[in-house]
Structure formats: C-alpha cells, structure tokens
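K.L.:
Quick one: this structure, given as structure tokens, is what I'll be asking you about.
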Amino acid sequence: MGNSKGFVEIQFNWIFVLIIGGIILVFFIGIAEKQKSVSEGKVSIKVRSDIKTILTGIRASTDTASIIDLIGKEISYNCEGYSVQGINPTQVGISFSPSKIKGFKVMAWSKDWSMPYRVSNFLMVTSPDIKYIIIGTSDIARELNNSLPPNFLTKGNNKQTLLNKELSGDTNDIKNDGNYRVRFVFFNHNPTGSEGLSNINSMEDSEVSAINIVGNSLEGFGELKFYKKKGNNWENFPHSISYYLGKESLFAAVFTEDYKSYNCNMQKAFKHLSIVSDIYIRRTNSLVRSYQNAGDTTCATQLLLSLESIEGIKTNANKLVNFFPSQPEIATIFQRASELRSSNDQIQRLSCSEVY
Amino acid sequence: MEKKSQMKMMETIGIMFVFFILVTFGFIFYAKMQEINYQSSIIEENERKAVEVALRASSLPELQCSSNNIVTDNCLDILKIEAMSSIIRMDNSLQIKYYDSFESSKLVVKQIYPFSNEWIIYQRVVNDTGSFFTPIPISLYDAINNKYYFGVLEVTYYPIR
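One line per chain: the protein sequences are A and B, in this order. Per my numbering, the first sequence starts with residue -18, numbered consecutively. Per my numbering, the second sequence starts with residue -14, numbered consecutively.
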C-alpha cells in the first residue's frame, strides 16, 4: 500500500513538473515570437523612416545621383509612396520607381522639372540590380544613355554600381546576367513578337517590361507606350499610351514600369505646375503694376505678354490634373513654355525684372 | 506521511512563487527599459522630422529666388512669398496638399533688416503640446526695387502624439 502511494506521488511530481515546465516554455516561446515580430516591424518602420529622410535630402538638391545602403528589405512602390513589408507607404513628393526594389543598395537620382520655370524636383529611385537596356543606335538613344547617371560611382578605391544600364544596337546581343528585373527602352519602334527576349525567356513575366518612346528629341514632348512580357512575347498594356513633357519626365518613364504609377505622379506634377504658375501670375502682376506706376511701358508690355503664356500654362496644367494623359494640353504647355522662355530672354535684354 | 507530502507541495509552490516573482520583476524592468528606449526614439524621430520639414521648406521652388531659372541659394523672393502666403490662406485644399510636405508645422518668413516684416506661409498646428524650432538665415529679394534684405525662415514643427 505504502509503495503504491509513493509510486503515485513520484508520478504526480513528474506530471506536475512536465505541465508547469511546459507552461513556462510556451510562455517564453510566445514572448520570444512576439518580440521577434515586434522587432521586425520596428526595423521595417525604421527603414521606411530612413528612406524618407534620405530621399528628402536627395530631392532637396538637384541633379544628384546617390547610392543608399539598405539592409536587404524589399521596398514596394506605387502612387501612394514607398513601403517596407506592407507598412503604411511614405510619400517623398513626386517620385518614380519600379514596383519592387530589392537588394542591399538603392540608387536615387533627382532632376528638376522646369516648364520653363522650376516646378519641382523629380526623384527617380531604382536598384543597381535592375538592368536597363537602351535599344538602338540613333542619336536620341545615345543621348539618353549619356544623360542617365553613370554605370559606376567611384569613391577613392571603392567602385560600386550606380545604374545598371547598357546601350545595345542589336536585340539578339542581349544576355541574361541574372538581374531580378530587366527594362527595355525602345525608340520609335514597337517591340513585336519575342524581340530581345530569346535569352531572358526564363525570367518571370512580371520581371521584364519595355517602353517605346515615340519622339525625336529628349527635350520637348512625345508619346510613351508601355509593354510587358507575356510568355515569349511582348504585350502592350491596354490603354497604356502616355506622354512625356521635358526630358525629366522621359527619364521618369524609363524608371517607372507601371504606366498607372507614371500617370498618377505626372498628375501630381501638373497639380504642382498649376500652383507654381499661380504664384508666377501674381508675381508678374505685381511687377506689371509697379512698372505701370513708374510709367515704364516697355517693361510692363513685355511682362504682360509673359503673363498670357503663364496663364496658358496654368489653364492646361489644371486640365491635366484630372485628364492626364492628353496630348493637346501637353502640346499647348510646351508651346506656351517656349513663348515664355523667349519673352523672359527679351525681358532680360531690356533690363527689366525677369519673370523667373 | 500526508503531512510530509503537504510540506513538499508547499515547498514546490513556494519555489514557483519566488520564481514567478523574479520573472515579474524581470518583466517590469524590461518594460521600463523599453519605455525609456521608446521615448528617446520618439524624440529622435521628431527631431528628424523637424529637420526634414525645414529642408523641404528651404528648397521650395515656389519661394526661391531665380534668374533665368538659375536658383540663388538661401534666397527667397518677397513677391513669391506674398503670392504663396495668400494662395494658401485662401484655398483650404492647398493647406491639405502642403500637409504632405510640412505636416503639423508653422512656416514664417521674418524680414529683419533694413526694416521688420513678417509673412506666415503655412500654418497647420494639430497638436500644440511641444515643438521643435529651426531658424534658417536667408536673404530676401525685392524684385520691384531690385534689392536684397536680410531675414529668417522660421520652421516650427509640432509633433503629433
């Protein structure tokens, strides 16, 4: 009887130790798991916040290309902004990017968009692991290749890839270098069939895209057609025709694989153009009044001519805020901007206060 | 025999009790440390946001001086300041648009020399329980008289709690 009681007691002790030990173990594992997800979230928020600070700094200075070190977190991009692991997107103004940026480095390039006065800095963000292939031997293809940031950035003995770009005369020469995304840039040529895809057929459809730039000069305006790979062939995005106005928006289209993101950011740019134009209208009106009060009709007349051009830019920019892409308004803004440029030169020659 | 078992049980419960008290103390200490770290990271984050807002404000094409589209550094055009200030004041939708850039803050341009003047460019204060103040010395261009004055762009950032 005594032996049996002792046996039950020992058994009970072990079961007790097992249950309590199990509870303690589960408790600590739970805490560790929670801590892991919290710190991952914290890292993502920190990366997102760092990205915003760095990109704000780059955006504030014009014509700057820089490399940013990341910790290998994937960045998603759409018109709402940049987000890390699905955390609230962060806005850094008017910026253009591929939909996914992977790797440990990010290239950020800022260019100022002027129409003809400075409107805003466009920020282009991409990964050095994405390959940009400019197809063609035309002057415009060469000019684009030379206008984009260089392939490498050298600091002392340290040489790192800034932008993975290549100018290729023949689509058959294209090799698969193991990049996670490839973007083709065609000029005045619609990619058809499997053109340029023979060596990169193994890549996922979402990883290969193309743009056809229809225009004869980087400056000015022109048409953009967006394509994506579907199986072994190129497919045109339905309703994907858009427009560029000024070379900065053409660069932007090269870096934005999705035409919806491009159009959305261009709408933001036109909204900004409308606001800046409004400021210039008020400024020019003040100058006209002061010249009229001083009896200087030469300067006042020339400034009134400029005022018409600015008003034309503002009216058409307002239309594009909601209806971009639309070619007639783009053409009118370009024409008005050219008129304003000439008018401002004339104002400068007359030693009057410049419009911009 | 039963008393001995009860004693053993009490002893085990006692050990468990002390163990859990120690664990609780550990957690309280850890939570306190985390709270201190969180507070300092919030301050750091707000300081960073204040600098971002100041940087954005000082590089606004809407305000910068230019000659044939060449920007003059650290210079704001008085006619542009007046225009922007009145546009934002009149149009509430623009306050919302600029909120993306300036968040909860106040941007004031103060002319100091040769005479005093002041323009409020943007003001949207969501929470006035603390602020970060960044003064940026600038020159102010008067296009009508073709003269430069001295002033300060004052950026006050109010963190949202």
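Glycine is no exception: its CB is placed at the ideal position from the N, C-alpha and C atoms.
(1) Quick one: does B/M69 have its CB under 8 Å from some CB of chain A?
(2) State the start and end residues of the unbroken beta strand (DSSP E) segment that holds A/V163.
(3) Just how far apart, CA to CA, sit B/L92 and A/E61?
(4) Would a check of beta-carbon distances place B/I129 closer than 8 Å to chain A?
(5) For B/K65, which residues in chain A fall below 9 Å Cβ to Cβ?
(6) Say whether chain B places a C-beta atom closer than 8 Å to the C-beta of A/L199.
(7) Output needed in chain order: residues of the segment 25 to 45 of chain B with a Cβ under 7 Å from some Cβ in chain A.
(8) At a CB-CB cut-off below 9 Å, which residues of chain B make contact with A/A41?
(9) Does the beta-carbon distance from A/V100 to A/V257 come in below 8 Å?
(10) Please work out which residues of its chain come closer than 7 Å, Cβ to Cβ, to A/T152, disregarding the five sequence neighbours upstream and downstream, and give them in chain order.
(11) Under 7 Å Cβ to Cβ from A/N297, same chain only, skipping five residues before and after it: list those, please.
(12) Is A/R342 helix, strand or coil by DSSP?
(13) What residue ranges within the segment 5 to 78 of chain A form continuous beta strand (DSSP E) runs of no fewer than 3 residues, ordered along the chain?
(14) Any idea what DSSP makes of A/I260, helix, strand or coil?
(15) If I'm right that A/V87 touches A/R29 with Cβ under 8 Å, what's the distance once you round it to whole angstroms?
(16) On the CB-based measure, 16 or more other CB atoms within 10 Å of its CB, does A/L331 come out buried or exposed?
(17) For A/F218, name the three-state secondary structure that DSSP assigns.
(18) Under 9 Å Cβ-Cβ, which residues of chain A neighbour B/D85?
(19) Excluding the 5 residues flanking A/G196 on each side, which residues of the same chain have their C-beta closer than 6 Å to its C-beta?
(20) Is the shortest distance between the beta-carbon of B/L138 and the beta-carbons of chain A less than 8 Å?
(21) Looking at the C-beta of B/S90, does it have a partner C-beta in chain A at a distance below 8 Å?
(22) What separation, rounded to the nearest whole angstrom, lies between the Cα atoms of A/F232 and A/C245?
(23) Show which residues of chain A have a CB atom less than 9 Å away from the CB atom of B/I72.
(24) Just tell me which of A/N138, A/K228, A/E147 and A/T118 has its CA closest to the CA of A/D158.
(25) Name the two residues that bound the continuous alpha helix (DSSP H) containing A/S297.
(26) Confirm, please, whether the CB-CB distance from B/E32 to B/F117 is below 8 Å.
(27) Residues of the segment 92 to 109 of chain B in Cβ contact with chain A at a cutoff of 8 Å, in chain order, please.
(28) State yes or no: is the beta carbon of A/Q329 nearer than 8 Å to at least one beta carbon in chain B?
(29) Measuring CA to CA, which of B/A128, B/V94 and B/E30 is closest to B/P122?
P.N.:
In brief:
(1) yes
(2) R162 to F168
(3) 25 Å
(4) yes
(5) I260, Y261, R263 and R264
(6) no
(7) E30, R33, E37, L40, R41 and S44
(8) L40, R41, S43 and S44
(9) yes
(10) I116, E176 and G177
(11) E310, T313 and I314
(12) The question about residue 342 of chain A has no answer here: the residues shown for chain A are numbered -18 through 337.
(13) 45 to 50, 56 to 59 and 62 to 65
(14) helix
(15) So it is not a contact: roughly 13 Å between Cβ atoms.
(16) exposed
(17) strand
(18) Q72 and G74
(19) G203
(20) no
(21) no
(22) 16 Å
(23) I256, D259, I260 and R263
(24) A/E147
(25) Contrary to the premise, residue 297 of chain A reads as Asn rather than Ser in this sequence. Where A/N297 is concerned, the enclosing alpha helix (DSSP H) stretches over T278 to F304.
(26) yes
(27) none
(28) yes
(29) B/V94
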